[in-house]
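Reviewing the structure listed below.
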Amino acid sequence: MRSCTDRASRWRHALALPFAVLALLPLAMMVGGSLRQLGLPPPRTLELVPAPVAWENYAQTADLVNLGRLMLNSLIVAVLAVPLSVLVASWAGFAISRLPARPARLLLGVSLAALMIPLTAMLVGRFSIFAWLGVTDTYLPLVAPALIGTSPLYVLIYYWAFRRLPGELFEAARLEGFSPFDAWRRVGMPLVRPVTVAVATLAFGISWGSFIEPLIYLFDPELYTVPLGLRSLALLDPTRVPLLLAGATIATIPAAAAFLIVQRAFLRDIGL
Amino acid sequence: MFRDAERRGLVLLLLPYLLGLIGLIGIPAVFTVVMSLFQYDLLRPPAFVGLDNFGELAGDRIFHAAVLNSLAFVLLAVPLRLLGALGLSLLLHKPMRGASAYRAAIYLPTVVPEIAYALIWIWLLNPLYGPINLALGALGLPTPRWFTDPVAARWGVVLLSLFTIGEGFLVAIAARRLIPGELYELAATERAGPFATFRHITLPFMAPSLFLLAARDVIFSLQLTFVPALTIFNGGPPPNATTYLPFFIYRNGFEYLRYGYAAAATLVMFLVTVAIIALQYRIARRWTDALLH
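Sequence order for the protein chains is A and B. So for the first sequence, this note's numbering puts the first residue at 1; every next one is plus one. So for the second sequence, this note's numbering puts the first residue at 1001; every next one is plus one.
Shown next as structure tokens:
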């Protein structure tokens, strides 16, 4: 039996490795290409690590697009959107988990249906509302999706997490005279901390990488977020590829770091 | 069982989410339907035009191209992505040394911001100096003109969509893990080979999740083409090789300021999506019935 599973797992390694490498190749090319010295003719062969390594490309990119301002703006949006998302998603997930079957199933169905709607289908509709309210060119339309928890998926995730907690805990809380808000705050939330970390990180990734909404709502370059700055970079200077790739790397690092944190802290625990 | 105060408390907790659902999904949906009957450019007041927008869409060659491009993309990319997610999930669902590193690697491209991902592919698909054509050339294979040849451009978009299967991959793993291990032990004692096991155990059990994944991917594919079409190809190469439905909506609404027209196109896009998913559902039912009998 042992040799059987060893051989099987060696096969899995052998097959999985090329795919994992393949998946990482675009990212490797992004970082490698960003370090190629400007002014040199493009590489004639595939090179992962250029020589000489031009770290100054990053400084130059940061200058070209006023990176500090861009990152500050993205951070402001994230600081507003992420905590609000966690609050709304956990409140809603908790409330649905305490409701009787019929209303709960209705809300879950509505959430699933809402999940299936692509953002691009909502572009024109949402824009007209915000334009009518006169809040285009502000961060309000960028933070507003926090009201559906950034994504109804996070409401569902919290619902599942709270459902897995023993019902007796909340019975006891009710008997102690806890309001639902108290039960959420003092019983529910402390017990689902890993979920909160995961949802906050995922919501941060979405907020940070969000491109379509800033694109249609923001006109003042002073308000631009990092993805919009990247696009300006691509429009300004499409020929200096290393700078584009440096910008892409800078934009990716926070999202990738956040993911790796979640992966270690949370996904590993649930076996992913 | 429910005291009034408790019910009030729960409703209060739900209130922000309900407001969000109504304000960010319900009302925009209604606005979209209403606006499709008007002509509106944000500057002048809206002008009622009835079904004219839809009539214009019916005759708009660019819109036809957008519908065809989106359908073609769905037909190509969704099965390939699903196959990739399924295949990789079967490979990597068991806990083993290094598995979580492999899984992280496969998921990582999904985490890259869309705009950064598009910029990477501007470089990768460069016909003269990009790594893909350099590699193809080194192997003696033809090097497509990704930015100038319409067919190559569309395949380029399909290609870049094949790397972001991370979410489907994780869902497939979760679905695979739900299948009771005893069934596989039983199959082993019956000396069933890998293909028979796959056909009679794995596939039927995973079928519902795979259908949901496919449906979600169809919907999602109507979004993921937008940033590449905008930043890499700008809807081209001419005439409209990478003009997909979301790009058409964006261009008509936000660049040409024809919001009523874009709203009409959005409605058509929504109906097309529902039709595709309904078709998928019927195919999936037919297949699962065949598998189980």
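Every residue, glycine too, gets a C-beta built ideally from N, C-alpha and C.
Review point. Ordered along the chain, which non-local residues of its own chain (more than five positions away) have a Cβ less than 7 Å from that of Phe1063 (chain B)?
Key: Sequence-distant Cβ neighbours of Phe1063 (chain B) in its own chain, meaning closer than 7 Å and more than five residues away, are Leu1057, Phe1248 and Ala1265.
Exercise for review: Closer than 7 Å, Cβ to Cβ, to anything on chain B: give me those residues from the segment 108-140 of chain A, in chain order.
Suggested key: Correct list: Val110, Ala114, Met116, Ile117, Pro118, Leu119, Thr120, Ala121, Met122, Leu123, Val124, Gly125, Arg126, Ser128, Ile129 and Ala131.
Point to revise | Neighbouring residues, chain B, relative to Gly209 (chain A) (Cβ below 7 Å) | key: The contacting residues are Pro1113 and Glu1114.
Check your understanding: Is there at least one Cβ from chain B nearer than 8 Å to Val143 (chain A)'s Cβ?
Key -> Proximity of Val143 (chain A) to chain B, defined by a Cβ-Cβ separation below 8 Å, is not satisfied.
Review point. Rounded to a whole number of angstroms, what is the C-alpha to C-alpha distance between Met1 (chain A) and Leu1090 (chain B)?
Key: For Met1 (chain A), the pLDDT reaches just 45, beneath the cut-off of 50, and the residue's location in the model is therefore unreliable, although a value from the coordinates is still provided. Whole-angstrom Cα-Cα distance: 21 Å.
Practice item. Using alpha carbons as the reference points, say which of B:Val1074, B:Ala1005, B:Phe1054 and B:Tyr1040 lies closest to Thr1225 (chain B). Key: Of the listed residues, the one whose Cα sits closest to Thr1225 (chain B) is B:Val1074.
Exercise for review: Below 8 Å between beta carbons is the criterion; list the residues of the segment 1257-1268 of chain B that meet it against any residue of chain A, in chain order.
Suggested key: Of all residues in the segment 1257-1268 of chain B, Tyr1259, Ala1262, Ala1263 and Thr1266 have a Cβ within less than 8 Å of some Cβ in chain A.
Check your understanding: Among the residues of its own chain, which have a CB less than 7 Å from the CB of Leu1160 (chain B), if the five just before and after it don't count?
Key -> Excluding the 5 residues flanking it on each side, Leu1160 (chain B) has same chain C-beta neighbours closer than 7 Å at Trp1121 and Pro1228, in chain order.
Check your understanding: Which value, in whole angstroms, describes the spacing of the CA atoms of Leu108 (chain A) and Leu17 (chain A)?
Key -> Taking the straight line joining both Cα atoms gives about 39 Å.
Practice item. For the alpha helix (DSSP H) holding Asn1069 (chain B), just list the boundary residues, first then last. Key: Boundaries of the alpha helix (DSSP H) harbouring Asn1069 (chain B): Arg1061 to Leu1092, taken from the DSSP string.
Review point. Among A:Arg185, A:Glu213, A:Ala28 and A:Leu223, which residue has its Cα nearest to the Cα of Phe94 (chain A)?
Key: Ranking the options by Cα distance to Phe94 (chain A), first place goes to A:Arg185.
**Study point:** Contiguous alpha helix (DSSP H) assignments of at least 4 residues, all confined to the segment 1203-1283 of chain B
**Key:** Listed in chain order, the complete alpha helix (DSSP H) runs (minimum 4 residues) inside the segment 1203-1283 of chain B are 1203-1224 and 1245-1250.
Check your understanding: What in chain B is Cβ-close to Gly33 (chain A), meaning under 7 Å?
Key -> Against Gly33 (chain A), the close residues of chain B are Trp1123, in the order they occur along the chain (beta-carbon pairs closer than 7 Å).
Exercise for review: Could you tell me whether the Cβ of Gln1280 (chain B) comes closer than 8 Å to any Cβ of chain A?
Suggested key: It does not: the Cβ of Gln1280 (chain B) has no partner Cβ on chain A nearer than 8 Å.
Check your understanding: What does Phe259 (chain A) touch in chain B if you count any residue whose Cβ is under 9 Å from its own?
Key -> Within chain B, the residues near Phe259 (chain A) are Ala1104, Tyr1107, Leu1108, Thr1110 and Val1111.
Exercise for review: Report yes or no: do three or more beta-carbon pairs, one from the segment 1031-1047 of chain B and one from the segment 1263-1278 of chain B, lie closer than 8 Å?
Suggested key: Yes: at least three Cβ pairs fall under 8 Å.
Practice item. Thinking Val53 (chain A) and Gly247 (chain A) are a contact (beta carbons under 8 Å), I'd like their distance in whole angstroms, please. Key: At roughly 17 Å, the Cβ-Cβ gap does not stay under 8 Å, so Val53 (chain A) and Gly247 (chain A) are not in contact.
Review point. What residue does the alpha helix (DSSP H) around Asn73 (chain A) start on, and which one ends it?
Key: Leu67 to Arg98 is the span of the alpha helix (DSSP H), which, as asked, contains Asn73 (chain A).
Point to revise | Buried or exposed (CB count within 10 angstroms, at least 16 for buried), Tyr1250 (chain B) | key: With 16 or more neighbouring CB atoms inside 10 Å of its own CB, Tyr1250 (chain B) falls in the buried class.
Review point. By the 10 Å Cβ neighbour count, where 16 or more other Cβ atoms means buried, how is Val143 (chain A) classified, buried or exposed?
Key: That one is buried.
Check your understanding: Can at least three beta-carbon pairs, one atom from the segment 244-262 of chain A and one from the segment 1101-1113 of chain B, be found at a separation below 8 Å?
Key -> By the C-beta criterion, the segment 244-262 of chain A is judged to be in contact with the segment 1101-1113 of chain B, since at least 3 inter-stretch pairs fall below 8 Å.
**Study point:** Cβ-based burial, Val79 (chain A) [other Cβ within 10 Å; buried from 16]
**Key:** By the 10 Å Cβ count, Val79 (chain A) comes out exposed.
Practice item. Can you tell me which of the three DSSP states Phe1048 (chain B) falls into? Key: Here Phe1048 (chain B) carries a strand assignment [DSSP, helix/strand/coil].
Check your understanding: Which residues in chain B sit within 8 Å of Ser179 (chain A), going by Cβ to Cβ distance?
Key -> Counting only Cβ-Cβ distances below 8 Å, Ser179 (chain A) has contacts in chain B at Ala1005, Glu1006 and Gly1009, in chain order.
**Study point:** Within 8 Å, strictly: CB atoms of Pro152 (chain A) and Tyr217 (chain A)
**Key:** At least 8 Å separates the beta-carbon of Pro152 (chain A) from that of Tyr217 (chain A).
**Study point:** Contacts that Ile1025 (chain B) makes with chain A (C-beta to C-beta distance below 8 Å)
**Key:** Under a criterion of Cβ atoms nearer than 8 Å, the residues of chain A adjacent to Ile1025 (chain B) are, in order, Ala114, Ile117, Met122 and Ile148.
Check your understanding: Under a three-way DSSP split, which group does Gln60 (chain A) fall into?
Key -> When secondary structure is reduced to three states using DSSP, Gln60 (chain A) falls in the helix class.
**Study point:** Close beta carbons around Gly1020 (chain B), own chain, < 8 Å, minus the five adjacent residues each side
**Key:** Once the five neighbours on either side are set aside, Gly1020 (chain B) has no close Cβ partner at all.
Practice item. May I ask which residues mark the beginning and end of the alpha helix (DSSP H) holding Gly177 (chain A)? Key: Element bounds for Gly177 (chain A): n/a, residue is neither H nor E.
**Study point:** Exposure label - Thr61 (chain A); buried when at least 16 CB within 10 Å
**Key:** Counting C-beta atoms within 10 angstroms of its own C-beta, Thr61 (chain A) has 16 or more neighbours from the protein chains shown and is therefore classed as buried.
Point to revise | Cβ neighbour criterion (16 or more within 10 Å) applied to Ala1241 (chain B) | key: Classification of Ala1241 (chain B): buried, given that the 10 Å Cβ count is 16 or more.
Review point. At a CB-CB cut-off below 7 Å, which residues of chain B make contact with Thr252 (chain A)?
Key: Residues of chain B whose Cβ lies closer than 7 Å to the Cβ of Thr252 (chain A) are, in chain order, Val1112, Pro1113 and Ala1116.
Practice item. Consider the Cβ of Tyr1184 (chain B): report whether some Cβ of chain A lies at a distance smaller than 8 Å. Key: Not flagged as an interface residue toward chain A: Tyr1184 (chain B), since no C-beta distance is shorter than 8 Å.
Check your understanding: Can you find a CB in chain B that lies within less than 8 Å of the CB of Ile157 (chain A)?
Key -> Residue-level contact by beta carbon fails for Ile157 (chain A) and chain B, as no gap is shorter than 8 Å.
Review point. Would you say Ser9 (chain A) faces chain B, with C-beta separation under 8 Å as the test?
Key: Taking 8 Å as the threshold, the shortest C-beta distance from Ser9 (chain A) to chain B falls below it.
Review point. Looking at the unbroken alpha helix (DSSP H) that takes in Asp1004 (chain B), where does it start and where does it end?
Key: Start and end: Asp1004 to Leu1021.
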